[in-house]
Amino acid sequence: MSRSISSIAFLVLAPLLPLVAFAQLRVEFPTDAPVAVASADWGESRISPRGGALVLDLRTSLSLKNTSAQTVRGISLLVTAAELTAGGKASVTVPSLNVKPGETFPVRIDLRLLRPAAGFNAPVEVTLDGVLFDTLAFYGPNKLNSRRAMLAWEMEARRDRKFYLDALSRGEDTLRREVSATIARMDAQPRLDVQVTRGRVTAAEPGERVQLAAANVAESPIEIVSGTAERAGAELRLPSFQLRNRSANAVRFVDVGWMSRDARGGSFPIEIAMGPGARATAEQPVTLRFADAQTGLSAYIATVEFGDGTVWVPSRRPGRVSPEEQRLTELYRRRGLAALAAELRKFD
Amino acid sequence: MNRHLTEQTLALLAGGDLNGWEGWLARRHVRSCGACRSAYAEFVAVRGAIRDSAVDLPPGLDWAGLSREIQANIRVGLEAAECVRPVEAAPQPLGWRAGAAFATLTAVVLIGWYLSVPKFVPRPFASVEAGAAVVEATPSGVELKHGSQGFALLNPRANRVTYSVDTQGARAQYVDVETGQVTIANVALD
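These protein sequence lines are chains A and B, in that order. The numbering of the first sequence is the numbering used here, which starts it at 1 and goes up by one. The numbering of the second sequence is the numbering used here, which starts it at 1 and goes up by one.
Below you can see the structure in the form of structure tokens.
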């Protein structure tokens, strides 16, 4: 019956689709924002029933203008639909930008909303969560910790561009070799296949406490002294890390990355206050469920945020490909080595 | 044979219709009898004149028009026959409004059934779950589900999408083929 209702609602709503799409998405930036909406395109949106609900695909392309006096390096847009997702949030972030004052740039937001057929109430809101400038200055409400993430991506981007520029200085063949190595690393990454369950769960199968391998690098301000988890079949439960702050600065956040033997990976973001030289234990009340039994998991420090808001990233991140590496290798694939070299020099 | 041949026998002989013994006797008599020979010659001449007049059609005769006229007459005849046929009681046809309504209802039901058939839902690569809410990374994007409601950030046109997951949610990282920009779609549980 509910399916029939949704189908009839679909038939009624289909002709009104542009109006529905417009009504379902509200884009609103603060008046003092360094970026303004120049135009918005609501094309290619569509609506279709799924079971007793309606699915709205909203394809939006925003044209944003840098109204500040600084070069924009990244932007993060916060997408909220509190009525639909009980507090869930989403963000669309575009790092590695190079937008000069007065220039415009596109940001595409492709959203799919799943709503009961009977209810079309509060719209989804798109607001500005943060803008990062080339001076590493940040603007925005930072509701989704965009500042930390964008700062880390910008640091990684500078690291990766420097790496490729150094390769270019040794000759185009060297650059081509390094880019090919990155592409091979991307191709070798297996499909992420893991389920994470938050909270302590009642385990049907008893597990054994196992040590996690700590992949520390000398430059890291945080050392993983030890790591353990309860292993039961294809599950790893309640991973715990003992950390030591090796730096002279206070630390307020550590992102501990993990990687399985078959190069699948993820991370544990840990909000933690550690003074210089301090030790702390961080237990994660989560269960990782893999497709098959895991014989070992290694942990490494992926990001550190200091008390003053600065961010540290490793000189080379193991395994995972950074957003800037992905952008530059795609540029190489599509337009060749000369275009990549020109892009690297543009940021130099 | 002293008697003269009758006109009927002479006409049959002139037309070649007198065969056998009678024909032999008649031809023998005509050869020997002047009066009968003269009468026979007249029959033959009349027959030739009739054949010649049949070959020469009337001037200005329109065969196509004649054909149309004959066909029209046949149709008129058939219709006239229909008019005089006894009338049978025909079944009462469904009104066109009722037919249109039935066709529309059928179309609505069929379209509704087709659209409500569950579509293929790709299996997630990874998920993060907390209570009733779950964030899933699927080939089409990163989706947050909460009961029968939810929303997803979809991957637009991209050659390669890299997914990552942590305890807060999931991310899809891709390069938009149109803009060349790397974009990170992040969906968090809270």
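For glycine and all other residues, C-beta sits at the position ideal for the given N, C-alpha and C.
* To do: Quick one: grab the DSSP three-state call for A:LEU64.
  => Within the first sequence, numbered from 1, the residue matching residue 64 of chain A stands at position 64. In the structure shown, A:LEU64 sits in a strand (DSSP, three-state: E or B).
* To do: Can you give me the Cβ contacts of B:PHE120 inside the same chain, cut-off strictly under 6 Å, excluding the 5 residues immediately before and after it?
  => For the purposes of this step, residue 120 of chain B is identified with residue 120 of the second sequence, where counting begins at 1. Below a pLDDT of 50, predicted positions are generally treated as unreliable, and B:PHE120, at 49, falls in that range; the measurement from the model is reported next regardless. Closer than 6 Å at Cβ, skipping near neighbours: no residue.
* How many angstroms separate the CA atom of B:ALA49 from the CA atom of B:TYR40? -> Taking the second sequence and counting its residues from 1, one reaches residue 49 of chain B at position 49. Taking the second sequence and counting its residues from 1, one reaches residue 40 of chain B at position 40. Each residue's alpha carbon lies about 14 Å from the other.
* Asked: Are the C-beta of A:LYS162 and some C-beta of chain B separated by less than 8 Å?
  -> By one-based count along the first sequence, residue 162 of chain A stands at place 162. It does not: the Cβ of A:LYS162 has no partner Cβ on chain B nearer than 8 Å.
* Measure the alpha-carbon distance for A:VAL179 versus A:SER39 and round it to whole angstroms. => Counting from one through the first sequence, the residue named residue 179 of chain A turns up at place 179. Counting from one through the first sequence, the residue named residue 39 of chain A turns up at place 39. Going by the C-alpha atoms only, they are around 36 Å apart.
* Can you give me the start and stop residues for the beta strand (DSSP E) that A:LYS89 sits inside? => If you number the first sequence from 1, residue 89 of chain A lands on position 89. First-last of the beta strand (DSSP E) with A:LYS89: 89-94.
* To do: Look up A:TRP258 in the DSSP assignment and give the residues it is bridged to.
  => The count along the first sequence starts at 1 and reaches residue 258 of chain A at position 258. A:GLY266 and A:ALA299, per the DSSP bridge assignment.
* Asked: Beta-carbon of B:THR104 versus every beta-carbon of chain A: anything under 8 Å?
  -> By 1-based counting over the second sequence, the position of residue 104 of chain B is 104. Cβ-Cβ to chain A under 8 Å: no for B:THR104.
* Looking only at its own chain, which residues have a Cβ that is under 6 Å from the Cβ of A:LEU111, when we skip the five neighbours before and after it? -> Translated into the one-based positions of the first sequence, residue 111 of chain A becomes position 111. Only LEU58 meet the Cβ criterion.
* **Limits of the alpha helix (DSSP H) - the one that A:ARG159 falls within** => Within the first sequence, residue 159 of chain A is the residue found at index 159, counting from 1. Looking at the DSSP string, the run of the alpha helix (DSSP H) that includes A:ARG159 is 146-169.
* Asked: Tell me which same chain residues have a C-beta within less than 7 Å of the C-beta of B:ALA132, skipping the five on either side of it?
  -> Here residue 132 of chain B is taken as the residue at index 132 of the second sequence, counted from 1. Counting only Cβ-Cβ distances below 7 Å, and skipping sequence neighbours, we find HIS146 and GLY147.
* For A:PRO276, name the three-state secondary structure that DSSP assigns. => Position 276 of the first sequence, counted from the start, is the residue given in the question as residue 276 of chain A. A:PRO276: coil per DSSP, three-state reduction.
* Cβ of B:ALA185 within 8 Å of any chain A Cβ -> The sequence position of residue 185 of chain B within the second sequence is 185, counting from 1. For B:ALA185, the answer is yes, since a Cβ of chain A falls inside 8 Å of its Cβ.
* Asked: In chain A, which residues lie less than 9 Å from B:THR162 when you measure between Cβ atoms?
  -> Against the second sequence, residue 162 of chain B aligns to sequence position 162. The answer, in chain order, is MET186, GLN189, LEU192, ARG320, VAL321, PRO323 and GLN326.
* Asked: Would you call A:ARG3 buried or exposed, if buried means 16 or more other Cβ atoms sit within 10 Å of its Cβ?
  -> Reading the first sequence from its first residue, position 3 is the one you call residue 3 of chain A. Note that A:ARG3 scores a pLDDT of 46, beneath 50, so its modelled location is shaky; the value from the coordinates is reported in the next line. By the neighbour-count rule (16 or more Cβ atoms within 10 Å), A:ARG3 is buried.
* Where does A:ALA343 sit, in a helix, a strand or coil, going by DSSP? -> As a working mapping, residue 343 of chain A is identified with position 343 in the first sequence. Checking the sequence shown, residue 343 of chain A turns out to be Glu, not Ala. In this structure, A:GLU343 counts as helix in the three-state DSSP scheme.
* To do: My understanding is that A:PRO49 touches B:GLN149, with C-beta atoms under 8 Å, so please give their C-beta distance in whole angstroms.
  => Along the first sequence, one-based indexing puts residue 49 of chain A at 49. Along the second sequence, one-based indexing puts residue 149 of chain B at 149. With a Cβ gap of about 15 Å, A:PRO49 and B:GLN149 do not count as contacting.
* Asked: Is it true that the region 271-279 of chain A meets the region 182-190 of chain A, where meeting means three or more beta-carbon pairs spaced less than 8 Å apart?
  -> no
* From A:GLY102, A:TRP312 and A:ARG159, pick the residue whose C-alpha is nearest to that of A:SER63; which is it? -> Translated into the one-based positions of the first sequence, residue 63 of chain A becomes position 63. Taking only the C-alpha atoms, the option nearest A:SER63 is A:GLY102.
* CB contact check: A:GLU271 to chain B, cutoff 8 Å -> As a first step, residue 271 of chain A must be located in the first sequence, where it is residue number 271. For A:GLU271, the answer is no, since every Cβ of chain B falls outside 8 Å of its Cβ.
* Report yes or no: do the region 286-301 of chain A and the region 246-266 of chain A share at least 3 C-beta pairs separated by less than 8 Å? => yes
* Asked: Going straight from the alpha carbon of A:PHE347 to that of B:GLY112, what length do you get?
  -> The residue you call residue 347 of chain A lines up with position 347 of the first sequence. The residue you call residue 112 of chain B lines up with position 112 of the second sequence. Each residue's alpha carbon lies about 55 Å from the other.
* Asked: Closest Cβ-Cβ distance between A:ARG96 and chain B: below 8 Å?
  -> What you label residue 96 of chain A is simply residue 96 of the first sequence in a count that begins at 1. Reading off the sequence shown, one finds Ser at residue 96 of chain A, where the question assumed Arg. Yes, contact with chain B.
* Asked: Out of curiosity, what's the CA-to-CA distance linking A:VAL286 and A:THR197?
  -> Numbered from 1 along the first sequence, position 286 holds the residue referred to as residue 286 of chain A. Numbered from 1 along the first sequence, position 197 holds the residue referred to as residue 197 of chain A. So the alpha carbons of these two residues sit roughly 5 Å apart.
* Three-state secondary structure assigned by DSSP to B:HIS146 -> Locating residue 146 of chain B in the second sequence gives position 146, where the first residue counts as 1. Strand.
* Asked: Count the other CB atoms within 10 Å of the CB of A:LYS89; is the residue buried (16 or more) or exposed (fewer)?
  -> Here residue 89 of chain A refers to the residue found at position 89 of the first sequence. Buried.
* Within the 8 Å Cβ cut-off, does A:ALA338 reach chain B? -> For this step, residue 338 of chain A is matched to residue 338 along the first sequence. So no, A:ALA338 is outside the interface.
* Starting from A:ARG108, follow its DSSP beta bridges and name the residues at the other end. => For the purposes of this step, residue 108 of chain A is taken as the residue at position 108 of the first sequence. Answer is A:SER61.
* Asked: Rounded C-beta distance between B:VAL177 and B:ASN155? I'm assuming under 8 Å.
  -> Stepping through the second sequence from its first residue, residue 177 of chain B is reached at position 177. Stepping through the second sequence from its first residue, residue 155 of chain B is reached at position 155. With a Cβ gap of about 11 Å, B:VAL177 and B:ASN155 do not count as contacting.
* Using the Cα positions of B:THR104 and B:LEU110, report the straight-line distance between them to the nearest angstrom. => If you number the second sequence from 1, residue 104 of chain B lands on position 104. If you number the second sequence from 1, residue 110 of chain B lands on position 110. Rounded to the nearest angstrom, the two C-alpha atoms are 10 Å apart.
* **Option in A:ILE109, A:VAL131, A:LEU136 and A:GLU305 with minimal Cα separation from A:ARG26** => Residue numbering aside, residue 26 of chain A sits at position 26 when the first sequence is read from its first letter. The option with the nearest alpha carbon to A:ARG26 is A:ILE109.
* Starting from the Cα of A:GLU235, find the closest Cα among A:ALA218, A:VAL217, A:PRO206 and A:ARG244 and give me that residue. => The sequence position of residue 235 of chain A within the first sequence is 235, counting from 1. Residue A:PRO206 is the option with its Cα nearest to A:GLU235.
* Which of the residues in the region 252-285 of chain A, read from start to end, lie with their CB under 7 Å from any CB of chain B? -> GLY266, SER267, PHE268, PRO269 and GLN284
* Return yes when at least one heavy atom of the ligand MN lies under 7 Å from the C-beta of A:ARG320, else no. => With respect to the ligand MN, the structure shown offers nothing to examine, as it has no ligands at all.
* Identity of the residue in A:GLY74, A:GLU28, A:GLY199 and A:GLN326 nearest A:LEU136 by Cα -> Position 136 of the first sequence holds residue 136 of chain A. Closest by alpha carbon: A:GLY74.
* **Limits of the unbroken beta strand (DSSP E) element including A:PRO239** => The count along the first sequence starts at 1 and reaches residue 239 of chain A at position 239. Here the beta strand (DSSP E) through A:PRO239 covers 235-245.
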